[in-house]
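Engineer:
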Amino acid sequence: MDKAAKKVRTESSSDSGILEECKKEVTCDLCDRINWTTPSKGVQTTPPPRTVAIVVDVVQNRGAIRIFEKESGEYIDGVGTEEEGFRIIIPWRDTWRFRASGVVEVGYIVAKDAD
6 MDKAAKKVRT
16 ESSSDSGILE
26 ECKKEVTCDL
36 CDRINWTTPS
46 KGVQTTPPPR
56 TVAIVVDVVQ
66 NRGAIRIFEK
76 ESGEYIDGVG
86 TEEEGFRIII
96 PWRDTWRFRA
106 SGVVEVGYIV
116 AKDAD
């Protein structure tokens, strides 16, 4: 199994543009918004249930994230200075968690119920 996370650069500054890019990468016709947050530095973070992708905002490059397997703690991938100037869409796996370094905004794209 490939351990690296798929990372998609987007220059879009609008949530709607980012969502359109995301829909090209993951199956999520029911995703209609991004829930932005600033994760606490150094804290293991698990996105909300039904998260199909996260967006890491490194336009200003004030921080980075590192992605790990929940069970084993094995390092998977990261987003940092090499992605400066972009917002990075990462199709998410529910077996992952991440840890932030510095101050970085992360957006959760969560599939809503079909009801």
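Take 6 as the starting number for the sequence shown in our numbering and just add one per residue.
Every residue gets a Cβ at the ideal spot worked out from N, C-alpha and C, and that includes glycine.
(1) Residues bridged to Gln49 by DSSP?
(2) Can you check which of these residues, Glu110, Ile95, Arg104, is closest to Thr56 by C-alpha distance?
(3) For Gly22, report the span of its beta strand (DSSP E) as first-last.
(4) How is Thr86 classed by DSSP in three states: helix, strand or coil?
(5) Should Glu24 be labelled buried (16 or more other beta-carbon atoms within 10 Å of its own) or exposed?
(6) Can you give me the start and stop residues for the beta strand (DSSP E) that Thr43 sits inside?
(7) Could you tell me the alpha carbon to alpha carbon distance between Cys36 and Ala58, rounded to whole angstroms?
(8) In terms of residue numbering, what span does the beta strand (DSSP E) encompassing Asp62 cover?
(9) Looking at C-alpha atoms only, which residue of Lys12, Arg38, Val61, Val31 is the closest neighbour of Ser106?
(10) On a CA-only basis, which of Val64, Arg102, Thr42 is nearest Thr86? Give me that one, please.
(11) Can you give me the Cβ contacts of Ile129 inside the same chain, cut-off strictly under 7 angstroms, excluding the 5 residues immediately before and after it?
Structural biologist: The short version:
(1) Arg104
(2) Ile95
(3) No beta strand (DSSP E) holds Gly22; the alpha helix (DSSP H) holding it covers 20-30.
(4) helix
(5) A small correction: the amino acid at residue 24 is Leu; Glu does not occupy that position in the sequence shown. Burial call: buried.
(6) Run containing Thr43: none; DSSP gives neither H nor E here.
(7) 10 angstroms
(8) 56-62
(9) Val61
(10) Val64
(11) In the structure as shown, the chain begins at 6 and stops at 120. Residue 129 is therefore absent and cannot be evaluated.
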